[in-house]
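Have a look at the structure below, then the notes.
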Amino acid sequence: MSLEISVWVPDGDAYAGRRGVEDPPGSSTGVGAESFRYKIWGSAAARSLGATFLPQLADITEENRGNLQVPPDRLGAFGQECTLLAENVDHLSAMTGYDRDRILHYLTNMQNAIERAKTVGGGIIIW
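Residue numbers for the sequence shown, in the numbering used here: 118 to 244.
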């Protein structure tokens, strides 16, 4: 399995109060293999840099079911976290053993999804 990022918009009539938004053709939504929950996004290296959103993927609870939801009003903060990790990708790569370009690719996919979500007044979910 792989982790994917999706854009959603609030919809009181839809399941869980949100409706998924179709991704534009050619967009990439992958944000890592399932193991990235722990090995990258929830790693001590990511947490030591100040990441708080992405480590939630490793902190699976009954409530979040291992998903990370970021509502529209928190997209700016989530985008800042993605930028912080991208700016420190060499450290993240060295500490986790994963290729820096692969990590950057997934962070870019997150940033692109954030921009799509902002355009439609929605949020994102990683699952």
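Virtual Cβ for every residue (Gly too), placed ideally from N, Cα, C. A quick note: this is a predicted structure, and the numbers were derived from the prediction, not measured.
Q: Indicate, with yes or no, if the ligand SAM has a heavy atom lying under 7 Å from the CB of S210.
A: This structure lacks the ligand SAM, and indeed carries no ligand of any kind.
Q. Who does I242 pair with in a DSSP beta bridge?
A. The partner list for I242 (beta bridge, DSSP) reads S123, Q186.
Q) Would the beta-carbon of V206 fall within 8 Å of that of F195? A) Taking 8 Å as the Cβ cut-off, V206 and F195 do not qualify as a contacting pair.
Q. What first and last residue would you give for the beta strand (DSSP E) that runs through A150?
A. Run containing A150: 147-150, per the beta strand (DSSP E) assignment.
Q: Mark G239 as exposed unless 16 or more other C-beta atoms lie within 10 angstroms of its C-beta, in which case mark it buried.
A: By the beta-carbon neighbour count (other beta carbons within 10 angstroms, threshold 16), G239 is buried.
Q: Tell me whether V237 is buried or exposed, calling it buried when 16 or more other Cβ atoms sit within 10 Å of its Cβ.
A: Burial is judged here by how many other beta carbons sit within 10 angstroms of a residue's own beta carbon; V237 has fewer than 16 and is exposed.
Q | Whole-angstrom distance between N229 and E179, CA atom to CA atom | A | The alpha-carbon atoms of E179 and N229 are separated by roughly 29 Å.
Q: Below 8 Å on the Cβ atoms is my guess for L209 versus L202; work out the distance and round it to an integer in Å.
A: Yes, L209 and L202 are in contact; Cβ-Cβ is about 6 Å, under 8 Å.
Q: Give the straight-line distance between the Cα atoms of A211 and A162, rounded to the nearest whole angstrom.
A: Rounded to whole angstroms, A211 to A162 spans 9 Å at the Cα level.
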